[in-house]
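Accompanying notes for the structure given below.
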Amino acid sequence: MHSERMQDRQRLHTAPARLIERLHQQGIPRGVILDAIRYVPRDAFVSPDLSEVAWENRPLDIGEGQTISQPYTVGFMLQLAAVAASDRVLEVGAGSGYVLALLSYIVGDPKLVTGVERNEILCEQTRGRLRELGLDRVRLMCGDGREGCRQHAPYDAIIVSAQTESIPPQLTDQLAPGGRLVIPVDVGSYAAMTRVVRGPDGLVQTRHGAFQFVPLV
Ligand code: SAH
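First residue of the sequence shown? That's 28 in the numbering used here, and the numbers climb one at a time after it.
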């Protein structure tokens, strides 16, 4: 009995380290992204009955028919968006707020982070959660993220956490010079992870593999 409990505790203790190793093996380089994933308690973003599996590399239910993305997917998007310290960033489809918390860690100041979430119930819940975690200076707007958030634009990086059939022009409009938009674009049976960079000669679009997301509605 005693040793089983010890093993349980040991497992909980090593779960973040195991997740980090796994993500590194899958190609996420060591550095600020993995540091952020280790630092932000993913279990605080899911319901208590899921806290035991919160550090597994898989999407998890956050209520309202939505999911918190798989850590690998989030790490991949952050890498593709090349989010760096002091960047001004926007996430569309903020859901539980997990990615907003990672962004706050990476950019080093919650005031530089804006999120938009369409579902009002999630939006309210997530505001409360961010407050509890000391991240109340993150700006979380409730509304249609296709419009971006002009008030705090331009952004050095925009991450869209739901798939769309086309890239909303308001989002590319809100990119700063050199800014990166990362957005999964529905191309039929999967979503092509797409990056749009505002370069000196205009927008440059590239595709980076197949993923699956809930739709932007
Ligand atoms: N990144 C989130 C999970 C994203 S799930 C996290 O870390 O938990 C996708 C989210 O996009 C859902 O919460 C859904 O309500 C939201 N969403 C869908 N369409 C949207 C839209 N048009 N504008 C803003 N949010 C939207």
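Yeah, the Cβ is synthetic: ideal placement off N, Cα and C, and Gly gets one too.
Burial state of residue i, where buried means 16 or more other Cβ atoms lie within 10 Å
i	result
Ser188	buried
Tyr66	exposed
Ile89	buried
Thr41	exposed
Ala218	buried
Ile148	exposed
Gln53	exposed
Ser131	buried
Gly120	buried
For residue i, three-class secondary structure by DSSP
i	result
Val80	helix
Glu144	strand
Val59	helix
Asp163	coil
Leu129	helix
Pro98	helix
Met28	Low local confidence applies: a pLDDT of 49 at Met28 is under 50, so the model's placement there is unreliable, with the coordinate-based value given in what follows. Three-state DSSP puts Met28 in coil, outside helix and strand.
DSSP bridge partner residues for residue i (one or two, in chain order)
i	result
Thr221	Ile210 and Arg234
Ile185	Leu117 and Leu208
Thr191	Val212
Gly229	Gly226
Heavy atom of ligand 2 within 7 Å of residue i beta-carbon
i	result
Val119	No copy of ligand 2 appears in this structure; the ligands present are ligand 1.
>> For the pair the stretch 85-105 and the stretch 157-173, tell me if three or more CB-CB distances fall below 8 Å.
In response: no
> Touching or not, the stretch 202-209 and the stretch 170-182, by the rule of three or more beta carbon pairs under 8 Å?
Replying inline: yes
> Counting pairs of beta carbons, one from the stretch 209-227 and one from the stretch 133-142, are three or more of them closer than 8 Å?
Replying inline: no
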